[in-house]
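Numbering (this note's numbering), first residue to last: 91 to 328.
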């Protein structure tokens with residue numbers, strides 16, 4: 091029997107190589123583990139404040155590019171699996187000349203392989219795939235294995251994970267997970283909201299965050315439809 095023909099990779103997989111030093115794929119995603127501070131120190135120079143922020147599911151880096159331009163001394167890493175959005179994001183970032191961003195083609199579930207212990211300061215998960223069928227739920231990013239690995243790569247102190255989603259059940263499931271004793275031993279839930287943009291306390295709480303006041307394309311779309319944005323922030327326990 092003739093073996094099945096392997097599915098072709100995206101035509102944009104190879105085109106990501108057009109941006110060396112900006113986009114990393116395949117094994118290159120893991121090669122700077124534990125040395126991302128050194129990497130950005132070389133790219134940003136003396137203005138680097140030492141902070142590293144990671145957005146999981148950055149898509150075309152529209153949000154990340156806008157935020158990075160406003161905070162040139164902070165390092166930002168965008169992580170996504172889809173090649174076409176990453177390619178579009180790389181073109182945007184390159185055109186802006188931003189040196190405080192790196193884009194990785196990878197999965198959030200590999201966060202412990204991509205980053206070393208206590209290497210990053212913030213993780214943003216904005217509008218993750220809800221995986222809302224019974225079969226898909228095991229694939230949700232916000233799950234015990236991810237949180238265990240995340241605890242290891244976040245710095246001690248005030249390092250945070252921020253979740254935004256339009257999916258009520260995903261939000262409630264995440265809050266339920268964060269209430270489990272094993273997770274509560276690692277993370278403290280510091281703020282959550284069932285309607286972020288109309289919640290003055292939540293808005294006030296995020297004042298000073300790099301993403302404060304910024305809306306993703308998803309948020310704008312859902313809000314036009316009258317749908318709330320659910321929010322949660324947790325802080326790493328020592």
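We treat Cβ as the ideally placed atom computed from N, Cα and C, and that holds for glycine.
Cα-Cα separation between residue i and residue j, rounded to whole angstroms
| i | j | result |
| --- | --- | --- |
| residue 94 | residue 164 | Model confidence at residue 94 stands at a pLDDT of 48, short of 50, so the residue's coordinates are unreliable; what they give is reported in the following sentence. Between residue 94 and residue 164, the C-alpha separation is close to 47 Å. |
| residue 132 | residue 111 | 11 Å |
| residue 302 | residue 310 | 15 Å |
| residue 189 | residue 271 | 41 Å |
| residue 275 | residue 326 | 9 Å |
| residue 305 | residue 284 | 16 Å |
For residue i, the nearest candidate out of the options (CA to CA)
| i | options | result |
| --- | --- | --- |
| residue 286 | 114, 169, 224 and 317 | 317 |
| residue 174 | 223, 119, 269 and 113 | 113 |
| residue 161 | 233, 299, 288 and 273 | 299 |
| residue 213 | 170, 143 and 180 | 143 |
| residue 253 | 324, 225, 184 and 198 | 324 |
| residue 313 | 281, 156 and 256 | 256 |
| residue 119 | 157, 102 and 171 | 171 |
Short Cβ contact (8 Å threshold) for residue i with residue j
| i | j | result |
| --- | --- | --- |
| residue 307 | residue 265 | no |
| residue 178 | residue 139 | no |
| residue 159 | residue 186 | yes |
| residue 176 | residue 166 | no |
| residue 215 | residue 319 | no |
| residue 277 | residue 237 | yes |
| residue 65 | residue 180 | An answer regarding residue 65 cannot be provided, because it is not within the stretch 91 to 328 covered by the chain. |
In DSSP terms, what residue i is bridged to
| i | result |
| --- | --- |
| residue 340 | Because the chain spans 91 through 328 in this model, residue 340 falls outside it and cannot be assessed. |
| residue 260 | Partner(s): none; residue 260 has no beta bridge. |
| residue 244 | 210 |
| residue 282 | 322 |
| residue 250 | 212 and 325 |
TODO: Kindly confirm or deny that the region 203-219 and the region 125-132 touch, where touching means at least three C-beta pairs closer than 8 Å.
DONE: Flag = yes, the region 203-219 and the region 125-132 touch.
TODO: Inspect the CB distances between the region 294-304 and the region 255-272 and report whether three or more fall short of 8 Å.
DONE: No, they do not touch.
Task: Any 3 or more C-beta pairs closer than 8 Å across the region 198-206 and the region 241-251 - done: Output reads yes: the region 241-251 touches the region 198-206.
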